[in-house]
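Quick notes on the structure that follows.
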Ligand code: FAQ
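Residue numbers (my numbering): 624 to 951.
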């Protein structure tokens, strides 16, 4: 549990001190008017830095997020599910490509981003550091983690940075297919045999807390929300997204006769807000800093993929290299 104070670093808002006040005002006025900022437009260094951080982490989350579901492709029950899951995993990797390209427009190279992921310097979503023991864990991700991602991303797609918003528009369209597929998988288990129902319930019990963490720390502990909301990079705060998710999906989970492992979860009729047990934020902090159940495994897989793909990159960059067989 958090015990007051900020678990995270303090924001670096004083970095704005060095910016030209006239340009800064014009920039903020443009954002206020709802204009999109494009790569060659003037922007404060802090806006650039924050966008790179957030888009890069988002890209890493997609590429790492493909792993816990990816391991189920060969074990998915039946040909239809295998085909759908394969397409979904492929989409997630495609999302990473779109997002790395959007981040590159801000001046950080893809190679540097991948190096920072593999070395553990960059963060990625907490939730992909948990194991998918059963098929139901995989179904939980496809339905409810995708649902959480959509809540966040449909909001941010209306934000201020053009390349990120355009990438998010396309990503959300694909995510909505994933959501339907995931919901279908969960309905199948929830309305199946007692063993299938039990398996689904156990998955919810395992994943609920990481899913509450997924939306980020409570607003009072969030480091970046104030700046990012001001510049319309985040169009909703962490708590607002968490509330919206609870509003949309708790009734759907209950509708299936499944339960949520939080005895305090209820909607307050007066405030219209969901009340819940505060998840363990110390656990969250451990996981996002590299000490979750699967962090080492996830990064090791990416490292091997990087090493195995080295010859392809060499060949692409140096057409005369030994890897290229000359055309006759
Ligand atoms: N995991 O000040 P805040 C997906 C860090 S895509 C890890 O509140 P912010 C698709 C945060 O970075 C999922 N770290 O931060 C899919 C910061 O550390 P830093 C990813 C987290 O940026 C589905 C510190 O805590 N979505 O799932 C997390 O204002 C199924 C303080 O936090 C995005 O990336 C976390 N959950 O708000 C794929 C969307 N939360 O950098 C496969 C874009 C916070 O100072 C299968 N990102 N931290 O060292 C965002 O909207 C925001 O960055 C938040 C965090 C909301 C994630």
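The beta carbon of each residue, even a glycine, is placed where N, CA and C say it ideally should be.
- The closest CA to that of residue 744, considering only 926, 930, 917, 912, is found on 912.
- Going by C-alpha positions, residue 794 is about 6 angstroms away from residue 718.
- Not one heavy atom of the ligand FAQ falls within 8 angstroms of the beta-carbon of residue 875.
- DSSP places residue 658 outside both helix and strand once states are collapsed to three, so it counts as coil.
- Distances from the alpha-carbon of residue 756 to those of 786, 822, 747, 733 put 822 closest.
- Approximately 17 angstroms separates the beta-carbon atoms of residue 833 and residue 773; this is outside 8 angstroms, ruling out the contact.
- In the structure shown, the three-state DSSP call for residue 853 is helix.
- CA-to-CA, the gap between residue 927 and residue 716 works out to about 16 angstroms.
- By the Cβ rule, the segment 688–706 does not count as touching the segment 720–737, because fewer than three pairs are nearer than 8 angstroms.
- Fully enclosed beta strand (DSSP E) runs of no fewer than 3 residues are not present anywhere in the segment 670–758.
- With respect to residue 809, residue 766 sits close: the two C-beta atoms are nearer than 9 angstroms.
- If you check the CB distance, residue 899 and residue 888 come in under 9 angstroms.
- Residue 665 carries a coil assignment under DSSP once its states are collapsed to helix, strand and coil.
- Residue side-chain check: residue 724 keeps its Cβ at 8 angstroms or more from all non-hydrogen atoms of the ligand FAQ.
- Residue 832 has its Cβ no nearer than 8 angstroms to any heavy atom of the ligand FAQ.
- Judged by their CB atoms, residue 785 and residue 920 are not nearer to each other than the 9 angstroms cut-off.
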